[in-house]
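Peer 1: Before we start, here is the structure in question, set down as structure tokens.
Number of protein chains: 2
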Amino acid sequence: MNIGIFGTGMVGQVLAPKLVELGHDVMLGTRNPAETLARNEKDNYGNPPFSEWHQNNPKVKVGTFAEAAAHGELLMNGTSGHGSLPALRAAGERNLNGKILIDIANPLDLSQGFPPSLYVGNTDSLGEQIQREFPALNVVKALNTVNAFVMVNPAILGNGDHDIFVSGNDAQAKQTVIAFLKSQFGWKDVIDFGDITYARATEGYLALWIRMYAQFQTPMVTIKVVK
Amino acid sequence: MNIGIFGTGMVGQVLAPKLVELGHDVMLGTRNPAETLARNEKDNYGNPPFSEWHQNNPKVKVGTFAEAAAHGELLMNGTSGHGSLPALRAAGERNLNGKILIDIANPLDLSQGFPPSLYVGNTDSLGEQIQREFPALNVVKALNTVNAFVMVNPAILGNGDHDIFVSGNDAQAKQTVIAFLKSQFGWKDVIDFGDITYARATEGYLALWIRMYAQFQTPMVTIKVVK
């Protein structure tokens, strides 16, 4: 399948090679591809520059947000929270409408350092902001509760015995995403978790996730629902 | 042990009999005991009036917030979020200072119906508000992530294989609470979860818990940490 992923950070760098390995044709979208590919310095977290990553992953295409959106039959939002709406605006409604967007972004405010707070939440969410601005895009909030390495390989934590939540307004789009997560990444427990307002719940959960990260000194942590 | 519990709602009505059964001397604190005991109508949720509950649980003492605070060597806050600071002000610093308060309350805003939002969160928490106003009280946020019936009997969900979080500024107070939860209620997995700012995480988690309640149609749901 042709898949477009917005963002060239950690989420895109982990998702794209996995999807290529699974046989998909993947394009990462970024604001300025030439600039992104020219970067040869480590990022703020000490990760290698994108150019080095891309040399190791030559099958992953890189284009503008609009090109990645046009490329994808299925779209994924792997930008930062603040970067999400600008990326989608640059992608353009014509390239988005009628498609499914798996929205993985979280509205983290890192301006005061770690731990971040959420710049939207409680009575609204980033998922809802995106859905409101792009009503003909099928926004499905998913995967935002786990580290990128867990997204594509849930079995690395607790033998895969934990849960992921999928929220969105379109029942068929949610079912497509649920089937995709199970068949491609091996998720066993995927919860059909209400309409897009439920993104308030899974984005709000980041308040707990971030503190677990801090307390346990690892982002490799998630939750299993017990009922 | 003498235990004082603020609030005569569901949390107090479940905690108190269990603690009495365990041999403790328990007093529930309320604004106006005579008025609370005189109630003979069901509450907004259809629960029996307090007077009926008290007839069935005569060993549980009922007093003012100040009397319950004076009575307790250990204190528990089982009021609503909005009721917490007024209850503690009525209890009085003299009856609170130097003691441990297990703060179970959540800052739920039910003014717009269900699902509630949180009236404080993200960069602050109810637990911190209480600790700031009563600096000589050892506030330990705990049990607020589960239904009252799970608080006193964790084994009723998933054979007890799930987690509870304990946050507070005083390490010794936290250890006392952790030991209490294990020995009295049978909690197996109690996480020492940082200082009182971590109450932002466990109160913020209510955003997820409330939606799980809505989606699964039961408050008998919690989480197990997987790492």
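If you read the protein sequences in the order shown, they are chains F and U.
Okay, so the first sequence: first residue is 1 according to the working numbering, each after it adds one.
Okay, so the second sequence: first residue is 1001 according to the working numbering, each after it adds one.
All residues carry an ideal CB built from backbone N, CA and C; glycine is no exception.
The structure presented is a predicted model; accordingly, all values stated were derived computationally and were not measured.
1) With H, G and I counted as helix, E and B as strand and the rest as coil, what does DSSP make of T222 (chain F)?
2) Helix, strand or coil, according to DSSP, for V1190 (chain U) in the structure here?
3) Report yes if the CB atom of T1222 (chain U) is closer than 8 Å to the CB atom of K1141 (chain U), and no otherwise.
4) Note down, in chain order, every chain F residue with its Cβ under 9 Å from the Cβ of I1223 (chain U).
5) Am I right that P1135 (chain U) and L1118 (chain U) are in contact with their C-beta atoms under 8 Å? What's the rounded C-beta distance?
6) Measuring CB to CB, does G9 (chain F) end up less than 8 Å from G63 (chain F)?
7) Would you give the residue range spanned by the alpha helix (DSSP H) that L157 (chain F) belongs to?
8) Determine whether the Cβ of A1201 (chain U) lies closer than 8 Å to any Cβ atom of chain F.
9) Start and end of the beta strand (DSSP E) containing G63 (chain F)?
10) Is the shortest distance between the beta-carbon of N1106 (chain U) and the beta-carbons of chain F less than 8 Å?
11) According to DSSP, I3 (chain F) sits in a beta bridge with which residue or residues?
12) When you compare the CB positions of I100 (chain F) and G78 (chain F), do they come within less than 8 Å of one another, or not?
13) Determine the closest residue to K1182 (chain U) out of U:L1143, U:I1003, U:E1067 and U:V1225, with distance taken between C-alpha atoms.
14) Using a Cβ-Cβ distance cut-off of 8 Å, determine whether G81 (chain F) contacts chain U.
15) Report the rounded CA-to-CA distance for A173 (chain F) versus A16 (chain F), giving the unit in angstroms.
16) What number of angstroms, rounded off, separates the C-alpha of V1225 (chain U) from the C-alpha of E1128 (chain U)?
17) Can you check whether the CB of A87 (chain F) is closer than 8 Å to the CB of G7 (chain F)?
18) On the DSSP bridge list, what partners appear for N138 (chain F)?
19) For the alpha helix (DSSP H) that Y1213 (chain U) lies in, which residues bound it at each end?
20) What number of angstroms, rounded off, separates the C-alpha of R132 (chain F) from the C-alpha of G46 (chain F)?
21) Taking the continuous alpha helix (DSSP H) assigned at T176 (chain F), which residues delimit it?
22) Does any C-beta atom of chain F lie closer than 8 Å to the C-beta of F1193 (chain U)?
23) Could you give the distance in angstroms between the alpha-carbon of G168 (chain F) and the alpha-carbon of S1084 (chain U)?
24) Cβ closer than 9 Å: which chain U residues qualify as neighbours of G113 (chain F)?
25) Give the straight-line distance between the Cα atoms of G1023 (chain U) and K1059 (chain U), rounded to the nearest whole angstrom.
26) According to DSSP, is S1080 (chain U) helix, strand or coil?
27) Go ahead and pull the three-state DSSP assignment for V1146 (chain U).
28) At least one CB of chain U closer than 8 Å to the CB of Q131 (chain F): is that the case?
Peer 2: According to the structure data:
1) Of the three classes helix, strand and coil, the one that applies to T222 (chain F) here is strand, per DSSP.
2) Reduced to three states, the DSSP call for V1190 (chain U) is strand.
3) In this structure, T1222 (chain U) keeps its C-beta atom at 8 Å or more from the C-beta atom of K1141 (chain U).
4) Within chain F, the residues placing a beta-carbon under 9 Å from that of I1223 (chain U) are D163, L208, I223, K224, V225 and V226, ordered along the chain.
5) Wrong, their Cβ atoms sit about 24 Å apart, outside the cutoff.
6) G9 (chain F) places its beta carbon 8 Å or farther from that of G63 (chain F).
7) Here L157 (chain F) belongs to no alpha helix (DSSP H), and DSSP marks it neither H nor E.
8) It does; some Cβ of chain F falls within 8 Å.
9) Per DSSP, G63 (chain F) belongs to the beta strand (DSSP E) from K61 to T64.
10) Output row for N1106 (chain U): interface = no.
11) I3 (chain F) is bridged by DSSP to F:V26 and F:L74.
12) Contact flag unset, no.
13) Nearest of U:L1143, U:I1003, U:E1067 and U:V1225 to K1182 (chain U), Cα basis: U:L1143.
14) So no, G81 (chain F) is outside the interface.
15) Separation of A173 (chain F) and A16 (chain F) (C-alpha to C-alpha, rounded to the nearest whole angstrom) is 21 Å.
16) Straight-line Cα distance between these residues: approximately 24 Å.
17) The criterion of a C-beta distance shorter than 8 Å is satisfied by G7 (chain F) and A87 (chain F).
18) Among the bridge pairs identified by DSSP, N138 (chain F) is matched with F:I100.
19) If you look at Y1213 (chain U), you'll find it in the alpha helix (DSSP H) that goes L1206 to F1216.
20) Cα to Cα, the separation comes out at about 36 Å.
21) Here the alpha helix (DSSP H) through T176 (chain F) covers A171 to F185.
22) It does; some Cβ of chain F falls within 8 Å.
23) In this structure, the straight-line span from the alpha carbon of G168 (chain F) to that of S1084 (chain U) is close to 36 Å.
24) Residues of chain U passing the Cβ test: none, with the nearest at roughly 13 Å.
25) One Cα belongs to G1023 (chain U), the other to K1059 (chain U), and the distance between them is close to 11 Å.
26) The answer is coil: DSSP assigns S1080 (chain U) none of H, G, I, E or B.
27) Secondary structure of V1146 (chain U) (DSSP, three-state): coil.
28) Taking Cβ atoms only, chain U never reaches closer than 8 Å to Q131 (chain F), which makes this a no.
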